[in-house]
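Asker: Line order of the protein sequences matches chains S and V. Mapped onto the working numbering, the consecutive letters of the first sequence carry residue numbers 81 to 390. Mapped onto the working numbering, the consecutive letters of the second sequence carry residue numbers 25 to 309. Every residue, glycine too, gets a C-beta built ideally from N, C-alpha and C. Have a look at this one before I ask anything.
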Amino acid sequence: MVNPRNAYGETLLKMGKKHPNLVVLDADLSKSTKTIIFAKKYPERFFEMGIAEANMMSTAAGLASCGKIPFVSTFAVFATGRVYDQIRMDIAYSEANVKIFATHGGISVGKDGASHQMIEDLALMRVLPNMTVLAPSDATQTGKIVELMAESKGPMYARVGRANAPIIYKEKELKDLKIGKGITVEDGSDVSIIACGTMVEPALDARKRLKKSGISARIIDMHTIKPLDVDLVKKCAKETNAIITAEEHSIIGGLGSAVAEIIADNNIPIKFKRMGVPDKFAESGEPKDLLEKYKLNEKHIVNVSIKLVK
Amino acid sequence: MKHYDDKTVHELDLMAVKIRKHVIEMLYRAKSGHPGGSLSAVDALVALYFHHMNHNPKKPCDPNRDRFILSKGHAVPALYGVLAESGYFPVKELKRLREINCMLQGHPVCTYVPGIEASTGSLGHGLSFANGVALAGWLDKKDYNVYVMLGDGETDEGQVWEAAAVASHYKLKHLTAFIDRNYLQIDGNTEDVLRLESVRKRWGSFGWYVIEIDGHDMKQILDALDEANNHKNQPTVIVLNTVKGKGVSFMENNVDFHGVPPNEMEYNIAMKELNFLQEKLEANN
């Protein structure tokens, strides 16, 4: 178990060494977002902006206009909803080379409650023109994604959860990782489970249990929600009999909606089910209890798969 | 020592009239736009682009250039006029303001127009953006200056004060903000809508060096800019006491011309007044 947030902090350090133009901004959460790792090594390139996220986003755009590569971090709630207008005008519309890296996405944030459980961020960012939207699934992939963010032009948003997460990938397995190209983690023929972020691991666990029930599940890690890997979705639709999407995000507007749009726009006749947080705010609680109550764990992926495939 | 002579001031005053004529012409053609706040901002923009700032229209991306950010994006007709007259793009392009398939959008977009540093139009962002530019200059050990203009009503926005605190905290000495203090915003007098006074005390208490001048007096503007550059411990704010709609009698201090262009009759009168002003200035040479 490794925390993707630590992978973020460590990779910032590595990329900061490689790219002298990389700068980091945080809004009084550097210990939680792990930008503190960068701040300690490169204090002159770390800008503590205080509890003032709107100002932080626009300031990052100003830095980017001078050739800097700003990584901006805070919790996902404050990194998107609170500062939507600043991202829209100064980053997306302006095509600024700003990298927003948000932590504490999804309901598994746990006991802080719905105020801190961001389940709308992927939708909010996906609807913005020019914005790339990412949700890495483990620490290894987070590191690789942060490298790609630092070395690709344009506005980008990435989110990870709060909790430690099992390691899915070895570093060498991700050497060809590309933004916009999903990963077929495990092959299968009955159902494709297209997951992102924290839902990839339970999807992989569900696959093992489905196998015992005689169901062959393909697992897709769709780390890039926008631009979506349309060819991969079509391939899954062609080669498997059903598609399930799974994300720790509102059922509206995220990965599931993006995949549904592809299916509908291309008149693909296929069994399809979205798994996500229902259209309501969640609540305080232990992460595992919340994921059980809101039906976002291995068990529920198995149940939905069996029901859909039968 | 003054960095200008009477001839310079005279030429700048003439340019300001020329820009005001562009503004009226543009808005009349576009049949939309914001005359009041464009006209009040003209003189400071002219001082910056035709005298004070280090910039080169042939090299709009020169990393050493001084930067100007128009936070009150609705006043962009004045900035378009100044950029065109400086040589960033052909003056004839001004005729196409707000037309479809034209680079001159209703509010400024940095990816469309050479010389536009920041995309604005949603109020309250520009000072934060300018902070970023100033921080980059500090990191790169460059001496360029960063200028930003805010509307007085715009400072209702909370983000402005987040940015004011940050600029002061990081001692952004190369940063100068203008407040276009014309006392009018859409719903009325700034003091009735949401009291701003004391503007001086507010900025001062945030750790800024405050200069207050007549925003239509070219000499005062030039002096204030020199004073801002010479003040090297903190960011400077220049409060420009201005008249909304300056230069056109029936637009002056008239909130109805915040976002309404002149009709044909009003256009003719406005141009007549500005031509008269131009001739009077030329005769005084």
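Chain V partners of residue 122 of chain S, CB-CB under 8 Å?
Answerer: Along the first sequence, one-based indexing puts residue 122 of chain S at 42. In chain order: nothing, as chain V lies at least about 11 Å away.
Asker: Grouping DSSP H, G and I as helix and E and B as strand, with all else coil, what is residue 209 of chain V?
Answerer: Residue 209 of chain V sits at position 185 when you count from the first residue of the second sequence. In the structure shown, residue 209 of chain V sits in a strand (DSSP, three-state: E or B).
Asker: At what residue ranges does the stretch 220-262 of chain V contain a whole run of the alpha helix (DSSP H), taking only runs of 4 or more?
Answerer: Those alpha helix (DSSP H) runs which fall completely within the stretch 220-262 of chain V and span 4+ residues are 223-229, 242-254.
Asker: Against residue 174 of chain S, what residues of chain V qualify as contacts under a CB-to-CB distance less than 8 Å, listed in chain order?
Answerer: Locating residue 174 of chain S in the first sequence gives position 94, counting from the first residue. Ordered by position in chain V, the residues that pass the 8 Å Cβ test against residue 174 of chain S are 133, 134, 135, 142, 143.
Asker: According to DSSP, is residue 265 of chain V helix, strand or coil?
Answerer: As a first step, residue 265 of chain V is located in the second sequence; it is residue number 241 there, counting from the start. Of the three classes helix, strand and coil, the one that applies to residue 265 of chain V here is strand, per DSSP.
Asker: Going by the CB atoms, is the gap between residue 168 of chain V and residue 86 of chain V shorter than 7 Å?
Answerer: Along the second sequence, read from residue 1 onward, the residue named residue 86 of chain V stands at position 62. Along the second sequence, read from residue 1 onward, the residue named residue 168 of chain V stands at position 144. No; because the gap between Cβ atoms is not below 7 Å, this pair is not in contact.
Asker: Do residue 479 of chain S and residue 310 of chain S have their C-beta atoms within less than 7 Å of each other?
Answerer: Outside the displayed span of chain S (81 to 390) sits residue 479 of chain S, for which this structure offers no information.
Asker: Counting only beta-carbon atoms, is residue 95 of chain S nearer than 7 Å to chain V?
Answerer: Sequence index remark: in the first sequence, residue 95 of chain S carries index 15 (1-based). Answer no: the Cβ-Cβ gap between residue 95 of chain S and chain V never drops below 7 Å.
Asker: Helix, strand or coil: how does DSSP classify residue 401 of chain S here?
Answerer: Here chain S covers residues 81 to 390 and nothing more, so residue 401 of chain S does not appear.
Asker: From what residue to what residue does the beta strand (DSSP E) around residue 236 of chain S run?
Answerer: In the first sequence, the residue the question calls residue 236 of chain S occupies position 156. Looking at the DSSP string, the run of the beta strand (DSSP E) that includes residue 236 of chain S is 236-239.
Asker: By Cβ distance below 8 Å, which residues in the same chain neighbour residue 224 of chain V in space, the five residues on each side in sequence not counted?
Answerer: For this step, residue 224 of chain V is matched to residue 200 along the second sequence. Result list for residue 224 of chain V: 234, 236, 263, in chain order.
Asker: Who are the near neighbours of residue 254 of chain S in its chain, counting only those whose CB is closer than 7 Å to its CB and skipping five residues on each side?
Answerer: Working through the first sequence from its first residue, we reach residue 254 of chain S at position 174. Within the same chain, residue 254 of chain S has close Cβ partners 220, 221, 224.
Asker: With a threshold of 7 Å between beta-carbons, can residue 156 of chain V be considered close to chain S, or not?
Answerer: Walking along the second sequence from the start, residue 156 of chain V turns up at place 132. For residue 156 of chain V, the answer is yes, since a Cβ of chain S falls inside 7 Å of its Cβ.
Asker: Among the residues of its own chain, which have a CB less than 8 Å from the CB of residue 300 of chain S, if the five just before and after it don't count?
Answerer: For the purposes of this step, residue 300 of chain S is taken as the residue at position 220 of the first sequence. So the qualifying residues of the chain are 262, 263, 264, 265, 272, 273, 274, 275, 312, 316.
Asker: With 7 Å set as the bound, which would you pick, yes or no: does the beta-carbon of residue 411 of chain S sit closer than that to a beta-carbon of chain V?
Answerer: Since the first residue of chain S shown is 81 and the last is 390, residue 411 of chain S is not available in this structure.
Asker: Tell me which residues of the stretch 92-123 of chain V have at least one Cβ-Cβ distance to chain S shorter than 7 Å, keeping chain order.
Answerer: Residues: none.
Asker: Which ranges does the alpha helix (DSSP H) cover as unbroken runs of at least 4 residues, wholly within the stretch 113-194 of chain V, from first to last along the chain?
Answerer: As far as the stretch 113-194 of chain V is concerned, its whole alpha helix (DSSP H) runs of at least 4 residues are 150-163, 182-193.
Asker: Rounded to the nearest angstrom, what separates residue 339 of chain S and residue 314 of chain S at their Cα positions?
Answerer: Here residue 339 of chain S refers to the residue found at position 259 of the first sequence. Here residue 314 of chain S refers to the residue found at position 234 of the first sequence. Approximately 10 Å between the Cα atoms of the pair.
Asker: Taking only beta-carbon positions, decide if residue 129 of chain V is within less than 7 Å of chain S.
Answerer: Against the second sequence, residue 129 of chain V aligns to sequence position 105. Judged by the 7 Å Cβ criterion, residue 129 of chain V is not in contact with chain S.
Asker: Quick check: is the beta carbon of residue 210 of chain S nearer than 7 Å to any beta carbon in chain V?
Answerer: Position 130 of the first sequence, counting from 1, holds the residue named residue 210 of chain S. Judged by the 7 Å Cβ criterion, residue 210 of chain S is not in contact with chain V.
Asker: What is the DSSP secondary structure of residue 352 of chain S, counted as helix, strand or coil?
Answerer: Position 272 of the first sequence holds residue 352 of chain S. Residue state, collapsed to three classes: strand.
Asker: Per DSSP, residue 155 of chain S forms a beta bridge with which residues?
Answerer: Your numbering for residue 155 of chain S matches position 75 in the first sequence. Paired residues: S:183.
Asker: Would you be able to state if there are at least three C-beta pairs under 8 Å between the stretch 175-192 of chain V and the stretch 104-112 of chain V?
Answerer: With a cut-off of 8 Å, the stretch 175-192 of chain V and the stretch 104-112 of chain V do not count as touching, because too few Cβ pairs lie within range.
Asker: Could I get the ranges of all uninterrupted alpha helix (DSSP H) runs contained in the stretch 103-152 of chain S, with 4 residues as the minimum, in chain order?
Answerer: DSSP runs (the alpha helix (DSSP H)) wholly in the stretch 103-152 of chain S: 110-113, 116-121, 133-144.
Asker: List, in chain order, every chain V residue whose beta-carbon is nearer than 7 Å to that of residue 143 of chain S.
Answerer: Sequence index remark: in the first sequence, residue 143 of chain S carries index 63 (1-based). In chain order: 156, 159, 160.
Asker: Hey, residue 286 of chain S and residue 372 of chain S: beta-carbon distance below 7 Å or not?
Answerer: Counting from 1 along the first sequence, the entry for residue 286 of chain S is found at position 206. Counting from 1 along the first sequence, the entry for residue 372 of chain S is found at position 292. Not in contact: residue 286 of chain S and residue 372 of chain S (Cβ atoms no closer than 7 Å).
Asker: Are at least three pairs of beta-carbons, each pair with one atom in the stretch 26-44 of chain V and one in the stretch 158-176 of chain V, less than 8 Å apart?
Answerer: No, the stretch 26-44 of chain V is not in contact with the stretch 158-176 of chain V.
Asker: Kindly indicate which three-state DSSP category residue 25 of chain V falls into: helix, strand or coil?
Answerer: Here residue 25 of chain V refers to the residue found at position 1 when the second sequence is read from its first residue. Its pLDDT being 47, under 50, residue 25 of chain V is placed unreliably in this model, and the value from its coordinates should be taken loosely. Residue 25 of chain V: coil per DSSP, three-state reduction.
Asker: Would residue 46 of chain V and residue 105 of chain V qualify as a contact pair, given that the criterion is a beta-carbon distance under 7 Å?
Answerer: For this step, residue 46 of chain V is matched to residue 22 along the second sequence. For this step, residue 105 of chain V is matched to residue 81 along the second sequence. Yes, Cβ-Cβ distance for residue 46 of chain V and residue 105 of chain V is below 7 Å.
Asker: On the CB-based measure, 16 or more other CB atoms within 10 Å of its CB, does residue 369 of chain S come out buried or exposed?
Answerer: Residue 369 of chain S sits at position 289 when you count from the first residue of the first sequence. Answer is exposed; the Cβ neighbour count stays below 16.
Asker: Let me know the secondary structure DSSP gives residue 92 of chain V once reduced to three states.
Answerer: Taking the first residue of the second sequence as 1, we reach residue 92 of chain V at position 68. Strand.
Asker: For the alpha helix (DSSP H) that contains residue 386 of chain S, what are its first and last residues?
Answerer: Numbered from its first residue, the first sequence carries residue 386 of chain S at position 306. Looking at the DSSP string, the run of the alpha helix (DSSP H) that includes residue 386 of chain S is 378-389.
Asker: Between residue 183 of chain S and residue 240 of chain S, is the Cβ-Cβ spacing less than 7 Å?
Answerer: In the first sequence, the residue the question calls residue 183 of chain S occupies position 103. In the first sequence, the residue the question calls residue 240 of chain S occupies position 160. Taking 7 Å as the Cβ cut-off, residue 183 of chain S and residue 240 of chain S qualify as a contacting pair.
Asker: Does DSSP put residue 167 of chain S in a helix, a strand or coil?
Answerer: Here residue 167 of chain S is taken as the residue at index 87 of the first sequence, counted from 1. Correct three-state label for residue 167 of chain S: helix.
Asker: Just to confirm the assignment, what range does the alpha helix (DSSP H) spanning residue 366 of chain S have?
Answerer: For the purposes of this step, residue 366 of chain S is identified with residue 286 of the first sequence, where counting begins at 1. Element bounds for residue 366 of chain S: n/a, residue is neither H nor E.
Asker: Measuring alpha carbon to alpha carbon, tell me which residue in S:200, S:189, S:213 is nearest residue 180 of chain S.
Answerer: Indexing the first sequence from 1 puts residue 180 of chain S at position 100. Taking only the C-alpha atoms, the option nearest residue 180 of chain S is S:213.
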